[in-house]
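Reading through the structure tokens given below for one structure.
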Amino acid sequence: MKLHVQLFLPLLTAASRDHTPKHCTSLNSTCWPSPSAWSAFNASLSGKLLAPHPAASPCHLPAYNSELCSSAKQNWTSSDWRTAQPGAFSALVWELGPEGQCFINSTKEDPCQQGYVAEYMVRASSVSDIQQAVKWAAKWGLLLTVKNTGHDHLGRSSGEGSFGIWTHWLKGRVWHDSFTVKGGRENKGVPAVTLMAGEQWLDVYRDADIRGRIVVGGSARTVGAAGGWMTGGGHSPFSHFYGLGVDNVLEVEIVDANGEVKILNEYTDPEHFWAIRGGAGNAWGVIISVTYKTHPNPTHIQAIFAQYTTNDSTANREVVRRVLEALPAITEKGYIGYGTLADGPVGLILSQANATNSTRDEVLQILDQVGNVTGVETQAGTMEFPTWLDYCDLFLHDPNIATNIIDSSRLLTEDVLVNKTKELLDLMEAYPDMPGGFNFIGRVNNNERDKTSVHNSWKQSVGVFSMGIDWKDDAPLEEKRRKKLRGVEVSKRLETIVGKGSGTYVNEANPYEPNWKETFWGEKYDRLERIKRRVDPRGMFVCNRCVGGDIEYTP
Ligand SMILES: Cc1cc2nc3c(=O)[nH]c(=O)nc-3n(C[C@H](O)[C@H](O)[C@H](O)COP(=O)(O)OP(=O)(O)OC[C@H]3O[C@@H](n4cnc5c(N)ncnc54)[C@H](O)[C@@H]3O)c2cc1C
Ligand SMILES: *[C@@H]1O[C@H](CO)[C@@H](O)[C@H](O)[C@H]1NC(C)=O
Ligand SMILES: *[C@@H]1O[C@H](CO)[C@@H](O)[C@H](O)[C@H]1NC(C)=O
Ligand SMILES: *[C@@H]1O[C@H](CO)[C@@H](O)[C@H](O)[C@H]1NC(C)=O
Ligand SMILES: *[C@@H]1O[C@H](CO)[C@@H](O)[C@H](O)[C@H]1NC(C)=O
Ligand SMILES: *[C@@H]1O[C@H](CO)[C@@H](O)[C@H](O)[C@H]1NC(C)=O
Ligand SMILES: *[C@@H]1O[C@H](CO)[C@@H](O)[C@H](O)[C@H]1NC(C)=O
Ligand SMILES: *[C@@H]1O[C@H](CO)[C@@H](O)[C@H](O)[C@H]1NC(C)=O
Ligand SMILES: *[C@@H]1O[C@H](CO)[C@@H](O)[C@H](O)[C@H]1NC(C)=O
Ligand SMILES: *[C@@H]1O[C@H](CO)[C@@H](O)[C@H](O)[C@H]1NC(C)=O
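Heads up: the sequence shown runs through residues -15 to -1, 1 to 540, numbered per mature numbering (1 follows the signal peptide of the UniProt record, and there is no 0).
Laid out in structure tokens, this is it:
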């Protein structure tokens, strides 16, 4: 995996000629600021400059510390702990880099390399910290990374030899009964909440519950509420009613490429506002806060579970086929959820706010029919939760933290689920080491779709289908590379099955996606790139497979 310089298309404007394709990293001592320059910068930030290391560094010499090492071991897969470490990332591959070593279980004499962890990082606790950091990166031409939780699956919050901004501690929530956007022409406000960049979903849900409200957010405890989840689109258990996260954004406050504070909404800069809602990653500026519409608490949340167990592979294939074909009918009834189709029993967890008993019973009937196959044991059940928070307390556990899972995914339409079922089943059978599943099942309220930059295939989508591959930290390099290449193969085969025009959810996509511009944004890409050249002509804000950037990791 190397940084690749990606040349702009022939259509060069004056602005894009100024774009520096290469950024300065700590690997180049000629351009990198001197220790005394860093130290002066630290002083100007009142000491908020960190020199982070990978999360297992206290388990290795020279930084060995038995207490911190045992704490790292105990908390290794905890998302609360991991998101609070400056040098930790959920997917270890984006912490250690493709060949890096700083393993949690190796001996203390084994190396701890810096990997993709930023060389220096500003622990931002004010807007001016972010402004100073952006100006510093601009002055020296540094590769700038922005880390919030470090959950990104595509490696967009780390970078070898980079200078980082860490937004995790920029906390704050302001609840509005009647919010009007800056420069707006409506004089009637709407209920809303302004979330600072470091806020995480479960904290927001707890606070919202006290106020009898919900915010459209992820099915996750620690995912950032005002970072990459939002810029990528952000799906939610409430998307059936209220759309994607981006559809609920009223205003975003950012630090732009000049280090200036800028308020984005549909009046101040409609194009930039359009781009940041779906344009993904950190390509559009450093977010200070996001203001979302809020919605009333539902009367209850109805959840449905189904699990299908069998020892017979033919029967299992039949169940998976039936699940795929049943999804359109289930989502039509307003249910949203998650599904596992391999690697153990086939299972679905579905939910709906304010669901009636009769739609619940209709969905249960569909699920019973799915399991009506000889040799298959069906377990199905329902649960009613008085509040969304009760549901969260039971289900939001942030699995798969500190693994190396790499997904290959596509948004699937009813047409594909019904007419390409055999192809999907064959693909899953051909790659048993890449268990298939749904990161999101559901139809999304599309009222605002054309006002945001997410892929148009969200309009017809019934869910995000993905197949993931994983490896042990200390697996041989040959195995790591082979598995990454398998992920790319599956992406290509998925493209053949669903067609070139079908997109995916950028936050749950393959980090090495071949035709990423088309797959992530389709026909919206060109407009995004034009906006990018205007708002960030020097290419300050770059990340892997981000709009107009020059970082394209290879397996
Ligand atoms: C356990 C888990 C559960 C998940 N559940 C869901 C789900 O239910 N729904 C869903 O849609 N997705 C879900 N995701 C995917 C999630 O949306 C992505 O991982 C997303 O990238 C996380 O954003 P973050 O800001 O928390 O992470 P980070 O890795 O810190 O950041 C991701 C990207 O956003 C940029 N960024 C972050 N903060 C800022 C900022 N202040 N300004 C500018 N750029 C910024 C980073 O530079 C990077 O490019 C889940 C992921 C995990 C690990
Ligand atoms: C290192 O930085 C110098 C000064 O900016 C530049 O001229 C040189 O090309 C860089 N070297 C590498 C290997 O990037
Ligand atoms: C920045 O300054 C603080 C306070 O003086 C210090 O604790 C910290 O180690 C410094 N950071 C770096 C990277 O040297
Ligand atoms: C991490 O582990 C230690 C025990 O070593 C425990 O006391 C602490 O609460 C844990 N921290 C987090 C954030 O989970
Ligand atoms: C480290 O070792 C522990 C105990 O043997 C084991 O449970 C854990 O899975 C190992 N972790 C990794 C990342 O290999
Ligand atoms: C659920 O019902 C409550 C009470 O009637 C209402 O306020 C809320 O808007 C409803 N939510 C949805 C998603 O229908
Ligand atoms: C699968 O096989 C095991 C062991 O042979 C048996 O106990 C179990 O009942 C079987 N399950 C089904 C669904 O047939
Ligand atoms: C819905 O079903 C639950 C249990 O399945 C029951 O307790 C409740 O009374 C039912 N509600 C209505 C309106 O029938
Ligand atoms: C199961 O399928 C058979 C036909 O294959 C049908 O006769 C039977 O009614 C079905 N049972 C249920 C509960 O749907
Ligand atoms: C499946 O394909 C047929 C033939 O092309 C088409 O008529 C039908 O509408 C498709 N089904 C769905 C659900 O799109």
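Glycine included, each C-beta is placed from N, C-alpha and C at the ideal position.
Bear in mind the structure is a predicted one, so any value in this text is a computation, not a measurement.
Which word fits residue i, buried or exposed, when buried means at least 16 other C-beta atoms lie within 10 angstroms of its C-beta?
| i | result |
| --- | --- |
| Asn432 | exposed |
| His136 | buried |
| Ala415 | exposed |
| Ile391 | buried |
| Ser14 | exposed |
| Ser487 | buried |
| residue 585 | The structure shown does not extend to residue 585, since the chain spans only -15 to 540, so no value can be given for it. |
| Glu84 | exposed |
| Ile195 | exposed |
| Gln364 | exposed |
| Arg518 | buried |
| Ser42 | buried |
| Asn339 | exposed |
Does residue i come out as helix, strand or coil in the three-state DSSP assignment?
| i | result |
| --- | --- |
| Tyr105 | strand |
| Gln185 | strand |
| Asp375 | helix |
| Glu369 | strand |
| Thr504 | helix |
| Met452 | strand |
| Tyr293 | strand |
| Ala76 | strand |
| Ile115 | helix |
| Cys9 | strand |
| Leu155 | coil |
| Arg191 | helix |
| His136 | coil |
| Pro176 | strand |
| Asp254 | coil |
| Trp259 | helix |
| Pro522 | coil |
| Val491 | helix |
Report yes if the C-beta of residue i is less than 7 Å from at least one heavy atom of ligand 2; otherwise report no.
| i | result |
| --- | --- |
| Asn13 | yes |
For a test of your reading of the model: does the CB of residue i fall under 7 Å from any non-hydrogen atom of ligand 4? Yes or no.
| i | result |
| --- | --- |
| Trp154 | no |
| Trp61 | no |
| Ser75 | no |
| Trp66 | yes |
Could you name the residues that DSSP lists as bridge partners for residue i?
| i | result |
| --- | --- |
| Asn529 | Ile536 |
| Pro281 | Arg198 |
| Trp160 | Val178 |
| Val305 | Bridge partners of Val305: none, in fact. |
With a threshold of 7 Å (Cβ to nearest heavy atom), would residue i be considered close to ligand 10?
| i | result |
| --- | --- |
| Val483 | no |
| Glu399 | yes |
| Asn404 | yes |
Taking 7 Å as the cut-off, is the C-beta of residue i nearer than that to any heavy atom in ligand 5?
| i | result |
| --- | --- |
| Asn296 | no |
| Lys93 | no |
| Lys457 | yes |
Does the beta-carbon of residue i, which I'm using as the reference point, lie nearer than 7 Å to any heavy atom of ligand 1?
| i | result |
| --- | --- |
| Thr165 | no |
| Asn233 | no |
| Glu493 | yes |
When you measure from the CB of residue i to every non-hydrogen atom of ligand 9, does any distance come out below 7 Å?
| i | result |
| --- | --- |
| Asp346 | no |
| Asn357 | yes |
| Asp188 | no |
Please determine whether the Cβ atom of residue i lies at a distance below 7 Å from any heavy atom of ligand 3.
| i | result |
| --- | --- |
| Leu34 | yes |
| Tyr105 | yes |
| Asn27 | yes |
Relative to ligand 8, is the shortest distance from any of its heavy atoms to the C-beta of residue i smaller than 7 Å?
| i | result |
| --- | --- |
| Asn342 | yes |
Consider the Cβ of residue i: report whether some Cβ of chain B lies at a distance smaller than 8 Å.
| i | result |
| --- | --- |
| Tyr376 | Checking the listed chains, one finds no chain B in this structure; it contains a single protein chain. |
I want to check one thing, is the minimum distance from the CB of residue i to the heavy atoms of ligand 6 below 7 Å?
| i | result |
| --- | --- |
| Pro283 | yes |
| Does the segment 305 to 316 come within contact of the segment 420 to 432, defined as at least 3 CB pairs closer than 8 Å? | yes
| query | Can you find at least 3 beta carbon pairs, one from the segment 200 to 211 and one from the segment 120 to 136, that sit closer than 8 Å? | reply | yes
| Does the segment 92 to 99 touch the segment 234 to 253, meaning 3 or more C-beta pairs lie closer than 8 Å? | no
| request: Could you tell me whether the segment 290 to 301 touches the segment 324 to 341, where touching means 3 or more Cβ pairs closer than 8 Å? | output: yes
| request: Please confirm if the segment 498 to 509 is in contact with the segment 100 to 120, defined as three or more CB-CB distances below 8 Å between the two stretches. | output: no
| query | Counting pairs of beta carbons, one from the segment 479 to 495 and one from the segment 430 to 445, are three or more of them closer than 8 Å? | reply | yes
| request: Mind the definition here: the segment 53 to 72 touches the segment 32 to 43 only if three or more C-beta pairs lie below 8 Å; say whether that holds. | output: yes
| message | For the segment 378 to 398 against the segment 338 to 354, do three or more pairs of beta-carbon atoms, one drawn from each stretch, fall closer than 8 Å, so that the two count as touching? | response | no
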